[in-house]
Every structure is written in C-alpha cells, then in structure tokens.
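K.L.:
Going by my numbering, the first residue of the sequence shown is number 810, and it counts up by one from there.
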Amino acid sequence: MNRSKPWLILFVACMLILASCNQQQGQQGEESRQKRQETQQQQDDQKNQTEQRNQKRTPDLAGGKEKEVREPHPLSLADLRQKYPSTFVLNGPSNKRQVALTFDDGPDLEYTPQILDVLKQYNVKATFFVVGNRAEAHPEIVRRMHREGHEIANHTYSHPHLIKVDDVTFQREVRQTDGILRPLIGYSPKLFRPPYGDVTEDQIKWLSSQNYTIVNWNVDSLDWKGLSQDQVSVNVLSHVFPGSIILQHSAGGKGEDLSGTVKALPEIIQKLRADGVQFVTTSELLNLPRSR
Ligand SMILES: [Zn+2]
810 MNRSKPWLIL FVACMLILAS CNQQQGQQGE ESRQKRQETQ QQQDDQKNQT
860 EQRNQKRTPD LAGGKEKEVR EPHPLSLADL RQKYPSTFVL NGPSNKRQVA
910 LTFDDGPDLE YTPQILDVLK QYNVKATFFV VGNRAEAHPE IVRRMHREGH
960 EIANHTYSHP HLIKVDDVTF QREVRQTDGI LRPLIGYSPK LFRPPYGDVT
1010 EDQIKWLSSQ NYTIVNWNVD SLDWKGLSQD QVSVNVLSHV FPGSIILQHS
1060 AGGKGEDLSG TVKALPEIIQ KLRADGVQFV TTSELLNLPR SR
C-alpha cells in the first residue's frame, strides 16, 4: 500500500497535465481557425471592393465578353473576297470586252486533247488549272498546252477539299504541283484555284505571301453535272459579261461525261466573237505577269 501510493500520485498528476495540454491545444486550434476565417473574409472584402471600383471606372463591353463573342466564325467566301480583293478574284475589269475561258482538273487523255483541238481550231488562248498528279501522269499534254500558247495554273496536287486539310498538307499540295509544272513549262504559275472553289483565310494569307493570286470564277458552266451541249452553252452565254472568268472542265472524276462542254465550245467562241469579245488568258485579263 505504502509502496503503490507515490505511483498513484504520479499517475494522477500526469493525467492532469495531459488534460490541461489538450485543453490548451483545443483553444489554440479554435483560435487559428477563427484567424483563417477572418483572413479569408478580409481577402473577399478586398476583392469585392476592387471589382466594384473597377466596374465604376471601366464601362462594360456592350457586346459582351470577348471570350463569349469571339468564337471562331469562319468568314464566308464572299467575306474573304471582300477582305482580300487583290489576292482573291472572281473576274477581271469590265472596261474591256475580254473574257477568260478556264478549264479545270486536267490533263487527261480523253477530253483535254479534244478541248485543245477546238481552241487551236479557233485560235483561242485559255487557262488550264491543272491537277499536279495528272500533270505528272500526262506531261506531254501539259507541254502541248504550253506550246499552243495557253496559260497553265496550279489546282493542287491531288484535288483535296482544302478547308479539311492541315497547313503542312495544303502547302505541300501547292509546292509539289509547282515542282511538277515548272520543268514542263519553264515558269512557276502564280495563279491558283482551290478545288471546289473553297479556301480558308489562313490559306489565302499563305498564298498571298507566296505571290499567288487565287482565281475562282463568276460564270459557271456547270459542265461537271454531265450537261448537254445546249445546257452548257446557255449557262455560259446567258451569264457572261466583259471581264468574266468562265469555268469549264477539261477532265472529270472517274466516269464523268464532259462531252457537252467539248461540243458547246465552238458555239460559245463563235457567238462571243460575233459580239466583239476577245478571248485572253486569265493573267492577261487581270493584267498580271504569268510568273512573279
Ligand atoms: Zn477542280
């Protein structure tokens, strides 16, 4: 009994000290929580005051926040033509009685030679927007186009829908075609027509930086629909005016029939000539050198 008493006293004393420590710690924890809350409150108040001051001094943007309004809205082709009038053209000046016949998607071995024959027969110089891989396949037809005084222009290498390809692919399509045409005709064509007439603003900017002029058309023969001679003729003759750039095709996709466009050509040439219209290449119509 006597021996255990000091231990008991010691034990009780320890318990008392521990209890007191816990109480102190609890108090300290409560204090620091309160402090944190107060600091947070002060920070929130300051932020609110700054925002209020800012709103008083800086009027809000009437049209809404930039990030809400400036979503990417791609410009339409009409907007792009307006924005880049000297780089992206549809027709030439209307003060001279001149038009440009343009033929896309060649060369091939079926329709392109027939069109060249008609042009030769009537001594008409036209512009051929050729596809690079077809020029690669039929270089002799490209040489003939050039030899017979026609203008050759770039219509990409594989005829992709350009708005769906990345920058690297797009630039390769243009450069690769240039690399095929230059040795065949002796110059780098600086007229470019995007397949399907579709092009993005970034592509226009790049083409412009490389001295290309993008040439679409303002008279569409719609010959690619396999139209008859009469339909092709009417589509061209009823829409043409001085300065027009006329779209026809000298080759199509597999199985496409372009005989209507070949047969319509003599009538188109004869009727416009009778009307005092002169046929020129696209560069001549636009007063541009063929190679820049
Ligand atoms: Zn095309």
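Each residue gets a CB set at the ideal place from its N, CA and C atoms; glycine is no exception.
Helix, strand or coil for H970? Go by DSSP, reduced to three states.
P.N.:
The residue given as residue 970 occupies position 161 in the sequence shown. Three-state result, H970: coil.
K.L.:
Taking 8 Å as the threshold (C-beta atoms), are Q907 and V1089 in contact?
P.N.:
On the sequence shown, position 280 is the one that residue 1089 refers to. On the sequence shown, position 98 is the one that residue 907 refers to. The answer is yes: Cβ separation under 8 Å.
K.L.:
So, is A909 buried or exposed, given that buried needs 16 or more other C-beta atoms within 10 angstroms?
P.N.:
The residue you call residue 909 lines up with position 100 of the sequence shown. Looking at its Cβ environment, which holds 16 or more other Cβ atoms inside 10 Å, A909 is buried.
K.L.:
Contact check, R1002 vs F937 under 8 Å by CB: the rounded distance?
P.N.:
Locating residue 1002 in the sequence shown gives position 193, where the first residue counts as 1. Locating residue 937 in the sequence shown gives position 128, where the first residue counts as 1. With 8 Å as the limit, R1002 and F937 do not qualify as a contact, their Cβ atoms being about 10 Å apart.
K.L.:
What are the start and end residues of the alpha helix (DSSP H) that includes T1091?
P.N.:
Taking the first residue of the sequence shown as 1, we reach residue 1091 at position 282. Where T1091 is concerned, the enclosing alpha helix (DSSP H) stretches over T1091 to L1094.
K.L.:
Do you know offhand how far W1033's Cα is from N1044's?
P.N.:
Numbered from 1 along the sequence shown, position 224 holds the residue referred to as residue 1033. Numbered from 1 along the sequence shown, position 235 holds the residue referred to as residue 1044. W1033 and N1044: Cα-Cα distance of roughly 12 Å.
K.L.:
Verify whether the separation of the beta carbon atoms of S935 and T911 is less than 8 Å.
P.N.:
Taking the sequence shown and counting its residues from 1, the one referred to as residue 935 is at position 126. Taking the sequence shown and counting its residues from 1, the one referred to as residue 911 is at position 102. A quick correction: the sequence has Ala, not Ser, at residue 935. Yes, Cβ-Cβ distance for A935 and T911 is below 8 Å.
K.L.:
Which residues end up in the neighbourhood of ligand 1 when you take C-beta atoms closer than 5 Å to any of its heavy atoms?
P.N.:
Going along the chain, the residues that qualify are D913, D914 and P1004.
K.L.:
Measuring only the C-alpha atoms, how far is N942 from I1023?
P.N.:
As a first step, residue 942 must be located in the sequence shown, where it is residue number 133. As a first step, residue 1023 must be located in the sequence shown, where it is residue number 214. Answer to the nearest angstrom: the Cα atoms are 20 Å apart.
K.L.:
Distance check for Y893 and K885, CA to CA, integer angstroms please.
P.N.:
Within the sequence shown, residue 885 is the residue found at index 76, counting from 1. Within the sequence shown, residue 893 is the residue found at index 84, counting from 1. The amino acid at residue 885 is misidentified as Lys; the sequence shows Ser. Their backbone Cα atoms lie some 12 Å apart in a straight line.
K.L.:
Less than 8 Å between the C-beta atoms of V1028 and T1070, yes or no?
P.N.:
Counting from 1 along the sequence shown, the entry for residue 1028 is found at position 219. Counting from 1 along the sequence shown, the entry for residue 1070 is found at position 261. No, the pair does not count as a contact, with Cβ atoms beyond the cut-off.
K.L.:
Please state if the CB of Y1021 and the CB of H970 are separated by a distance shorter than 8 Å.
P.N.:
Here residue 970 refers to the residue found at position 161 when the sequence shown is read from its first residue. Here residue 1021 refers to the residue found at position 212 when the sequence shown is read from its first residue. Contact: no.
K.L.:
Between which two residues does the alpha helix (DSSP H) carrying E949 extend?
P.N.:
Numbered from its first residue, the sequence shown carries residue 949 at position 140. Its alpha helix (DSSP H) spans residues P948 to R956.
K.L.:
Go ahead and pull the three-state DSSP assignment for D854.
P.N.:
Locating residue 854 in the sequence shown gives position 45, counting from the first residue. Here D854 sits in helix by DSSP.
K.L.:
Going by DSSP, what residue range makes up the beta strand (DSSP E) through T936?
P.N.:
Counted from its first residue, the sequence shown places residue 936 at position 127. Segment T936 to V939, the beta strand (DSSP E) holding T936.
K.L.:
Sorted by chain position, which residues of the same chain lie with C-beta nearer than 8 Å to T986's C-beta, five sequence neighbours on each side aside?
P.N.:
Counting from one through the sequence shown, the residue named residue 986 turns up at place 177. The answer, listed in chain order, is V939, V940, G941, A944, N963, H964, T965 and Y966.
K.L.:
Hey, how far is the Cα of H955 from the Cα of I994?
P.N.:
For the purposes of this step, residue 955 is taken as the residue at position 146 of the sequence shown. For the purposes of this step, residue 994 is taken as the residue at position 185 of the sequence shown. Cα to Cα, H955 sits roughly 6 Å from I994.
K.L.:
What residues match up with V983 in a beta bridge as DSSP calls it?
P.N.:
Residue mapping note: residue 983 aligns to position 174 of the sequence shown, counting from 1. Looking at the DSSP assignment, V983 forms no beta bridge with any residue, so it has no partner.
K.L.:
For the beta strand (DSSP E) that E960 lies in, which residues bound it at each end?
P.N.:
Indexing the sequence shown from 1 puts residue 960 at position 151. Where E960 is concerned, the enclosing beta strand (DSSP E) stretches over E960 to N963.
K.L.:
Measuring CB to CB, does S1059 end up less than 8 Å from G915?
P.N.:
The residue you call residue 1059 lines up with position 250 of the sequence shown. The residue you call residue 915 lines up with position 106 of the sequence shown. The answer is yes: Cβ separation under 8 Å.
K.L.:
Assuming A887 is part of the alpha helix (DSSP H), what are its boundary residues?
P.N.:
The sequence position of residue 887 within the sequence shown is 78, counting from 1. Taken as a continuous stretch (DSSP letters only), the alpha helix (DSSP H) holding A887 covers L886 to K892.
K.L.:
Could you tell me the distance, in whole angstroms, from the CA atom of L1036 to the CA atom of D869?
P.N.:
Reading the sequence shown from its first residue, position 227 is the one you call residue 1036. Reading the sequence shown from its first residue, position 60 is the one you call residue 869. If you take the alpha carbons of L1036 and D869, they lie about 57 Å apart.
K.L.:
Can you give me the Cβ contacts of N811 inside the same chain, cut-off strictly under 7 Å, excluding the 5 residues immediately before and after it?
P.N.:
By 1-based counting over the sequence shown, the position of residue 811 is 2. Bear in mind that a pLDDT of 48 at N811, under 50, signals an unreliable position, so the model cannot answer this.
K.L.:
Do N900 and I1013 come within 8 Å of each other at the CB atom, strictly closer than that value?
P.N.:
Indexing the sequence shown from 1 puts residue 1013 at position 204. Indexing the sequence shown from 1 puts residue 900 at position 91. Cβ atoms of I1013 and N900: not closer than 8 Å.
K.L.:
Going by CA-CA distance only, name the one from Y920, E847 and K999 that's closest to P1098.
P.N.:
The residue you call residue 1098 lines up with position 289 of the sequence shown. The option with the nearest alpha carbon to P1098 is K999.
K.L.:
Which residues in the same chain as V898 place their Cβ atom closer than 8 Å to its Cβ, once the five residues preceding and following it in sequence are excluded?
P.N.:
Here residue 898 corresponds to residue number 89 of the sequence shown, with the count starting at 1. Excluding positions up to five away in sequence, the list reads R890, T1022, I1023, V1024, N1025, I1054 and L1095.
K.L.:
Is the beta carbon of L1056 less than 8 Å from the beta carbon of K1080?
P.N.:
Taking the first residue of the sequence shown as position 1, residue 1056 is located at position 247. Taking the first residue of the sequence shown as position 1, residue 1080 is located at position 271. Result no, Cβ atoms of L1056 and K1080 do not sit closer than 8 Å.
K.L.:
What does the alpha-carbon distance come out to for the pair P1075 and V927?
P.N.:
Here residue 1075 corresponds to residue number 266 of the sequence shown, with the count starting at 1. Here residue 927 corresponds to residue number 118 of the sequence shown, with the count starting at 1. Rounded to whole angstroms, P1075 to V927 spans 7 Å at the Cα level.
K.L.:
Quick one: grab the DSSP three-state call for Q1019.
P.N.:
To locate residue 1019, count along the sequence shown from 1; it is residue 210. Three-state DSSP puts Q1019 in coil, outside helix and strand.
K.L.:
Quickly, what does DSSP pair I1055 with across the bridge? List them, please.
P.N.:
Looking up residue 1055 in the sequence shown gives position 246. L910 and V1028.
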